[in-house]
Amino acid sequence: MEHSIDDVHIPNPEFDPTDPHGLGHGHHGHHIITARTLMTVLLILLFFTVLTVALSRAEVWIQNTFDVVLPQWLNIIIAMSIATVKAVLVGAYFMGLRFDKALNSIIMLICIAAVICFLFFTSIDLGNRGAVSPLRATVLSPGGTGYGLDRTYDGISTAASPRPSTSGLPIAEFRRKERLAELAMEEAHEHGRTEPTEADVAAGEAEFWRIYYQDYVDKGKHPHRHEHDEHNYFAKLHFAHHDADGIEPVSRISLENVAESSPNYSKRLTGLTPGLFGDGSDHDAHGDTHNKSPNDNHDAAPADTAETDPDH
Amino acid sequence: MATIDANKPDLPAAGAKSHPLYWKNRGFAHHFRNADEQFDACKLGMWLFLTTEVLLFAGIFCAYAIFRMLYPDAWAAGSHHLDWRFGGLNTIVLLFSSWTVASGVRAAQMGNNAALIRNLVITLICAGLFVFIKLYFEYIPKLSAGKAPGTFFSYPYAHDPHEPLWWSVYYIGTGIHALHVLIGAGLLSWVLVRAIRYEAYGPTEYTMVETSALYWHLVDLVWIFLFPLLYLIH
Amino acid sequence: MSTADRTHEPDHDHHDEGSYLTPKYGAMGTVWDWMTTVDHKKIGVMYLFAVLFMFFLGGVAALAVRLELLEPVRVAADGAITGQLFAPAGAESINTGNQIYNRLFTLHGAIMVFMFIVPSVPASLGNFFLPLMLGAKDVAFPRLNLFSWYIYVSGSIFGILSIVLGGVDTGWTFYTPYSTTTDADHWRVLLMVLAAFVLGFSSILTGLNFIVTTHKLRAPGMGWFDMPLFIWAIYATSIIQVLATPVIGITLLLLIFERLFKVGIFDPGLGGDPVLYQHFFWFYSHPVVYVMILPGMGIISELLSVHSRKQIFGYRAIAFSSLGIAAVSFIVWGHHMFTAMGELASAIFSALTFLVAIPTAIKVFNWITTLYKGSIAINTPMLYALSFLFLFSIGGLTGLPLGALATDLHLHDSYFVVAHFHYVMMGGTVIAFIGGIHHWWPKMFGRMYNEKAGMLGCVLVFIGFNLTFMTQFFLGTQGMPRRYASYVDEFQFLHTLSTYGSWLILAGFLVHLFNFIHSLVAGPKAPPNPWGGLTLEWETESPPIEHNFHHEVLVQHGPYDFDTVVPPHCDERDFPLPPQDQPPASH
Amino acid sequence: MTMPPAAPTSTVPEAVAAFPADAVAPVRTLPFDGEGLQGLFFRTNGTTDAAVWTDGLFMLTFWFSMFFFVLLMGLMVYWCIIYRRRPGVPAPVSPAHNSKLEIFWTVVPSSSMLVFFFLGFWGYMDKVVPAGGALELSITGQTWDWTVEYPDGTQSAQMTTLGGRDNVKIHALPENTDIALRMVSTDVIHSFWIPDYRMKTDVFPNRYTGYGFTTPKLGPEDDHPEGRYRDQWVFCAEYCGDLHSEMAAIIRVVPQADYEIWLENQGSSGDPVIDGQRVFQSRCATCHSVDGSNNIGPSWKDLYGSERSFNKAPPQIADDNYIRESILNPGIKIVQGYQNQMTPFQGVIKDEEISNIIAYMKSISVHVEQPAEGEAGEDAPGETETGAGEEG
């Protein structure tokens, strides 16, 4: 009784004892897909790939050229529908589901049903936190509180990016401030100073925003995409939309207008008052809110911004 | 051990190579009733395994969807940092490799070992190309610009405070996918080696080719969704 | 059951084979043989001992936890700390003791869930009996089976390593952001998360193997509704394992990234969302609750039917309710998070949660009706089956106030929850598991155990269990939060009772332990079919031969046709058939 | 024991006396005054509408469950006895299924499930939506302490030792008043549970949650030697680390007039040392001691002005800046022998509070020349829970 692990039961051409009636002989059940079909499917897949890219570029082009901002869901639905068609093609022909036993397709369908349950119920919760009390959906500090970032993990080399203690700042905000300080310092060094003066800071800031928009323009993504800029969190905190040449920032948006200028942020951040804790005019009840916000020491703190009453 | 006994009647030797892995020398495990049943079982097992892969990626898609819903601006901003040309190129590379693998299975079914080898080699080249594009044109420039996940994020010109999250989802999603590309390439290399050395696959014995191909197609499927989500939707 | 003797298949008969337990290669050879075996029976036995060892480890932690809770920690008038057991000598604060306590309950939870209860029934009894009950020679992928055993072993080693290095204090649920920030200077938490991650693969591969086996390797003549209900339960379990476990895979992977690289997806410090982690976690961990209980339900179906020599009542209802539970399990996970979710999601999940009650209730009704007009033997497996019905009913019914939103907001994360899931997990799964081990012990090892000792152990466990956990329902409703190293004085009386109960449980399990050891060493030889069972595993010898059956089996009757079939290897005088004047109702 | 700066007058009940009214009561339990079975379950009967609803729903499910449980177990035991196995006697043939019966026992429980769901949902909405115009408390969960801030910014400085724990903060609330909670955590997830109101909600970092309840009306049964009040436990119900089980507080429901006096008494005393001691008691005493014993964090005794050595930073004298930094951003320098466990207080604590803490630390350090023998210098350090215990 050898314990051979490999597949070694050799069917006897004359008589197969396991299949005395010859029912299982041969592989006549296995469908061989023709080369022509495979090639056709490949071409269709490539066509759809080009199509989805083209439609996506077209959207950007329409926005940049005609200033028509198409709704986001359109983009998503088109791209996802095309992807689904491609996936079905791959599954049906390349993976052979169309010619295979139904069981395999059923398994895939059950699996997809599970995925849909997962996505659907999770998004129901996270998308409806503020349904009854807007307060529940309120994020204290967009980008995070910075808590726990300074908890180092000794076993791992963090030399590539030493984990900063951000003093309660979101990491993106922290990096921005770091860069601003660097630029100010560079300005100072240029003028032979060791400590940046106020002028250096201002010059550094101007340089920062120049790079900021330059980066924007260089990428060829944007210059005239208003919708995008409207949602640009950092830009709108300090500068209005670029002027005609698309590079130089011209004016600051005052903090009070931030919430109004950004539908998405205002929705989340000003959800504080109405609903649960008053009738919406009761701002004073929340006057102390920003005391708890870990980043209220920073003028650009969004939570602070949004909670601040205009007449504050 | 109960099941897989050696049971070696004299082989029909005509023209057959002597190695036990040569496809005409292959039988089936003792606990199956016939080779077809074993083939079906293996394929069913592979499909079940593929469902687990789909659900694994479902976690990443779920994180993507949730944060997209919560922080649409960050996702739009993040998407703008990606270049659709590289993503599109990689999509084409993967689709093409899917076709070669499917053709490889067909070659095995037809008993055309040379075509099988040819197709597998092309597929492996495509896998290498995919990973190369990913690393050289995408990961490395982005990482060196500071567009990194989580605390490694050091790009100062972010457009949204949640952009580090976008990069986390981007790197985890594409990274785990790239890992699957490598695993799939490993499987196909094994098939390739056996095809070259033993002519191990033919019309009655191509289970390994078929299941590895299924895995490879799944990798393709995941990318078919990752590509528009990451590169095209903004 | 009879077999078709296929005389034209000489190479398929195994007349001269010995038992799978018979050593053939000398001492070292036998060890090597077991380590490399692809025989599902040997793998099942190895799993059995491994999970029982894990049960022992987790049980020790549980006893220690209960011991600490014997008294509340008090700061006496003179400033001394009393009632704290775990603080090392010289510790000045409550802190040290709490740290040890927190590690112990995490240890208890993580071991019991990931290393004991999830693999317990499917991997041990399932591995051993699924192919036997199907009349197959092995599972579909024997090498994969061995592979998943080694994955299980390596996962457990990671877990134990983490404990040896000092343990983790995250709780078995690893909720972020606590789990990503605690013990920041050490690898322990990572090791434990990695252990759970790796163990998930073992679970997936086992489930995958069982599904394919059930589909492809049923004996000729065995249709889907001729399968024993244990197989149905294992099949439903496997579906959940395959579909749910990958999600914990990605969850734990993200958690590992979170700790190593601080990617921030679950970390509010970086803008991520900790509740998203809970969704990810419970999308796996709620279905996995049914991975734990469904096989137990399968065992109970076998036990009740065989030991009351009675057709199971409503076979199809039980079979379909297993699948129904598996399906519903994927849409109710939110009830673990009513205090964390939005109102809409809470309402939807609460409504869906009550769906679970329906298939569960159907099962209980059917089981109890099975006893009607039976021939009920009161022996250890049957006592365990009856205990299961008692305890599981309580566990299920106490789920009602936890599913209803208003009451859950009070009971969530209290001792009520602790008691509830112990009634389901321990009163359900563990009780069924121990009952199943007794039921199949003669088949697995070819030896009988001592019936009186078995019954004594069962009674001790039953009483001890109720003393331990019944009190915790009251603690919970009165306001005792879970995972507390110390508590306010109000709760002392009930806590003390609970701790006494845990000692009774220990006594019961010790009785079983000695009974099993005695049986292995000096138990009387078991006949092939001591209980008169009709499922295929009783067809072969005790213990089974290497190839399971002497002949290829051909199924000719249902698994529970006690009215019409004399069980194999049994005498009609011992297992009489009822008068056949009326046609038996068939399903 | 130091006399409190704003000494309670005779008109103020002792129960709501100003800081530090920490009479040591080593073993003292809250009342067990519920009635019947419901009392056994809940200790005290629900006092508010939401709690009464919850109790009612619970008892409804209890009796529903009891009915089915007794029915099923009764049948089980009865059949086990009458159908026990007799050797040689076969089990009679009986039907293997009965569709009508099975449909019946599927449909009936299912429909009752619907009732439970709606009752539960109704009571739930009652709890999560606070009444309009409620008194709003702002609650910060922090490892391992609750900070409760009243609308005027006041925080409780009243401590007691109760049920075996030190530093249990007492938060007075007026009777028969609607309360709304707005909660946030600074570090990990906590859960604010008041068993007497049968309500809890998780407290998250970086996100607000909240709920509402109504305080009960006090009656003669709430009369104590020190005044009329009712104590209610607050527990943390979401596991949050080492001292999770110590993260308790007391809500003391008092008459409206007493509440106002109490609130008054929690304000500043004018003396930074005393105020610093209050901040210590309310925010720091969970992890730090002032008697020299080591806790989760270093003791404050003789800390100020001493040389500190750190895990990964050069040693330094503990001066004002160091202390400020250690409060706001404790992860930067970790004292040797300790772990990085403290939550950053950045944005949580006010500058004034930090100054008071520094003043208090100076007053209990030998490295600082104390002003004079007597009043503040000597007595303040002894003013701890254990010191009080010795005197009491």
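Chains as they are written, first to last, in the working numbering: chain A, 11 to 322; chain B, 10 to 243; chain C, 36 to 622; chain D, 15 to 406. Glycine included, each C-beta is placed from N, C-alpha and C at the ideal position. The structure presented is a predicted model; accordingly, all values stated were derived computationally and were not measured.
Leaving aside the five residues that flank tyrosine 325 of chain C on each side, the residues in its chain whose CB is nearer than 7 angstroms to its CB run, in chain order, Ile275, Ile360, Ala361, Ser364.
With a threshold of 16 other beta carbon atoms within 10 Å, histidine 28 of chain B falls short and is exposed.
Residues of the region 119–130 of chain A with a Cβ closer than 8 angstroms to any Cβ of chain C, in chain order: Ile120, Cys121, Ala124, Cys127, Phe128.
Assigned with DSSP and collapsed to three states, aspartate 598 of chain C falls in coil, not helix or strand. Where leucine 53 of chain B is concerned, there is no enclosing beta strand (DSSP E), although the alpha helix (DSSP H) around it starts and stops at 44–79. Beta-carbon to beta-carbon, asparagine 128 of chain B and serine 107 of chain B are separated by about 11 angstroms, too far to satisfy the 8 angstroms threshold. For glycine 284 of chain C, the neighbours in chain B by C-beta distance under 9 angstroms run, in chain order, Thr61, Leu64, Leu65, Gly68.
With a threshold of 8 angstroms between beta carbons, glycine 281 of chain D makes no contact with chain C. Every beta strand (DSSP E) stretch that sits fully inside the region 228–275 of chain D and reaches 3 residues is listed by chain position as 244–250, 263–268. Between glutamate 321 of chain D and chain C, the shortest Cβ-Cβ separation is not below 8 angstroms. Chain order gives the chain C residues near glycine 159 of chain B as Phe296, Lys297, Val298, Gly299, Leu305, where near means a beta carbon separation below 7 angstroms. Our two residues, proline 613 of chain C and histidine 592 of chain C, have alpha carbons roughly 17 angstroms apart in a direct line.
Distance check between leucine 317 of chain D and each of D:Asn325, D:Ile331, D:Phe324 places D:Ile331 closest, using alpha-carbon atoms only. Contact with chain A is found for histidine 226 of chain B, since one of that chain's Cβ atoms lies less than 8 angstroms from the residue's Cβ. Contact of cysteine 135 of chain B with chain A is not assigned, every C-beta pair being separated by 8 angstroms or more.
Residue pairing for glycine 226 of chain D: DSSP places it in a beta bridge opposite D:Ala194.
Take glutamate 607 of chain C, set aside five residues on each side of it, and the residues of its chain with a beta-carbon closer than 6 angstroms to its own are Val601, in chain order. Taken in chain order, the unbroken stretches of beta strand (DSSP E) that lie wholly in the region 133–173 of chain D and span 3 residues or more are 149–156, 159–163.
Relative to histidine 314 of chain C, the option among A:Phe76, A:Thr94, A:Thr75, A:Thr132 whose CA is nearest is A:Thr132. Residues of chain B whose Cβ lies closer than 8 angstroms to the Cβ of lysine 251 of chain C are, in chain order, Phe41, Glu46, Asp49, Ala50, Leu53. Under a 10 Å Cβ-count criterion, aspartate 47 of chain D is classified as exposed, with fewer than 16 other Cβ atoms of the shown protein chains found around its own Cβ.
In the DSSP annotation of this structure, the continuous segment of the beta strand (DSSP E) that includes histidine 204 of chain D starts and ends at 204–208. DSSP, reduced to helix, strand and coil, places valine 149 of chain A within a strand of the structure shown. Across the region 213–237 of chain D, CB contacts with chain A closer than 7 angstroms involve Pro219, Asn220, Arg221, Tyr222, Thr223, Gly224, in sequence order along the chain. In the DSSP assignment, valine 217 of chain D falls within the beta strand (DSSP E) that extends over 213–217.
Only exposed fits aspartate 333 of chain D, as fewer than 16 other CB atoms lie within 10 angstroms of its CB. Taking 7 angstroms as the Cβ-Cβ cut-off, the region 216–235 of chain C approaches chain A at Thr216, Ala219, Asp220, Trp222, given in chain order. Around the Cβ of arginine 203 of chain A, a 10 Å sphere holds fewer than 16 other Cβ atoms; the residue is exposed. For a cut-off of 8 angstroms, the C-beta gap from serine 449 of chain C to arginine 517 of chain C is around 6 angstroms, short enough to register as a contact. A distance of 8 angstroms or more separates the beta carbons of glutamate 106 of chain C and glutamine 507 of chain C.
In the DSSP assignment, proline 436 of chain C falls within the unbroken alpha helix (DSSP H) covering 434–438. Between asparagine 414 of chain C and glutamate 337 of chain C, the CB-CB gap reaches or exceeds 8 angstroms. The three-state secondary structure of phenylalanine 497 of chain C, taken from DSSP, is helix. Taking CB atoms only, glutamine 134 of chain C has a neighbour in chain D less than 8 angstroms away. Look at the beta carbons and you see the region 160–177 of chain D not touching the region 208–215 of chain D: under three pairs across the two are nearer than 8 angstroms.
Within its own chain, the residues whose Cβ lies closer than 8 angstroms to the Cβ of proline 309 of chain C, once the five positions on either side in sequence are excluded, are Tyr210, Thr211, Pro212, Phe301, Asp302, Pro303, listed in chain order.
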